[in-house]
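In the numbering used here, the protein residues as written are 26 to 159. C-beta atoms are modelled at their ideal positions from N, C-alpha and C, and glycine is treated no differently. Note that this is a predicted model, so its numbers are computed, not measured. Notes follow the structure.
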Ligand SMILES: Nc1c(NC[C@H](O)[C@H](O)[C@H](O)CO)[nH]c(=O)[nH]c1=O
Ligand SMILES: CC(=O)[C@@H](O)COP(=O)(O)O
């Protein structure tokens, strides 16, 4: 069976998430999975509703989130990441579908973010493994 993935990708820090999206697509192809739908959202905080819509679709086996949360002058990055990560986990359990975390940060410089674009590949790999094993 070919595994169908949904991608939810943040437009925030798009230079990074564009690269991550391409890496994720390449890795999905390498693993024999299909990216059936890609939904762009403004930022990581805005992901949960898009994830939920994709989880509701019977033709999507797992959802991969792709974003990058870079530190600013305040703790805003912490709020964005903590809430998104918690909701990602909650939605996965609510819909009985893997929803994986391809989002480095918070507390991360732009340089560190560039070094962590492979989080997208890791999230694709985790999604495929979970669908196969569960
Ligand atoms: N600071 C980052 C954000 N912030 C934006 C929020 O995610 C959201 O779009 C806004 O609050 C409107 O609801 N988003 C990222 O993806 N990365 C960041 O570093
Ligand atoms: C880098 C950002 O846009 C985000 O983490 C928030 O920045 P700030 O804390 O300076 O408002």
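- request: Check each residue's C-beta against every heavy atom of ligand 2 and list, in chain order, those closer than 5 angstroms.
  value: Going along the chain, the residues that qualify are 95, 97, 98, 99, 101, 102.
field: Proximity to residue 67 [Cα-Cα], best of 105, 115, 135
entry: For the purposes of this step, residue 67 is identified with residue 42 of the chain shown, where counting begins at 1. Nearest C-alpha to residue 67 among 105, 115, 135: 105.
field: Cutoff 6 angstroms; reference residue 37; Cβ partners in own chain excluding five residues on either side
entry: To locate residue 37, count along the chain shown from 1; it is residue 12. Around residue 37: 68.
Minimum length 3: unbroken beta strand (DSSP E) runs contained in the stretch 72-122: Within the stretch 72-122, the complete beta strand (DSSP E) segments at least 3 residues long are 87-91, listed from N- to C-terminus.
field: Bridge partners - residue 153, DSSP secondary structure assignment
entry: Here the question's residue 153 lines up with position 128 in the chain shown. In the DSSP output, where bridge partners are listed per residue, residue 153 has none listed.
task: Confirm the yes/no value for this check: CB of residue 31, any heavy atom of ligand 1, distance under 7 angstroms.
output: Here residue 31 is taken as the residue at index 6 of the chain shown, counted from 1. Relative to the non-hydrogen atoms of ligand 1, the Cβ of residue 31 never comes closer than 7 angstroms to any of them.
task: Flag residue 92 as yes when its Cβ comes closer than 7 angstroms to any non-hydrogen atom of ligand 1, and as no otherwise.
output: Walking along the chain shown from the start, residue 92 turns up at place 67. For ligand 1, at least one heavy atom lies less than 7 angstroms from the Cβ of residue 92.
- prompt: Which one or two residues does DSSP pair with residue 51 in a beta bridge?
  reply: One-based indexing of the chain shown puts residue 51 at position 26. Under the DSSP definition of a beta bridge, residue 51 lacks any partner.
field: CB-CB length for residue 42 against residue 92, believed under 8 angstroms
entry: Residue 42 sits at position 17 when you count from the first residue of the chain shown. Residue 92 sits at position 67 when you count from the first residue of the chain shown. The C-beta distance from residue 42 to residue 92 rounds to 6 angstroms, short enough to fall under 8 angstroms.
query: By how many angstroms is the C-alpha of residue 40 removed from the C-alpha of residue 26?
result: By one-based count along the chain shown, residue 26 stands at place 1. By one-based count along the chain shown, residue 40 stands at place 15. The straight-line gap from Cα to Cα measures roughly 34 angstroms.
- request: Can you grab the Cα-Cα spacing for the pair residue 128 / residue 110, in whole Å?
  value: Position 103 of the chain shown, counted from the start, is the residue given in the question as residue 128. Position 85 of the chain shown, counted from the start, is the residue given in the question as residue 110. Taking the straight line joining both Cα atoms gives about 9 angstroms.
field: residue 29 beta carbon less than 8 angstroms from that of residue 85
entry: In the chain shown, residue 85 corresponds to position 60, counting from 1. In the chain shown, residue 29 corresponds to position 4, counting from 1. For residue 85 and residue 29, yes; Cβs fall inside 8 angstroms.
- request: Whole angstroms is fine: what's the gap from residue 117's alpha carbon to residue 124's?
  value: Position 92 of the chain shown, counted from the first residue, corresponds to residue 117. Position 99 of the chain shown, counted from the first residue, corresponds to residue 124. The straight-line gap separating the alpha-carbon atoms of residue 117 and residue 124 is approximately 5 angstroms.
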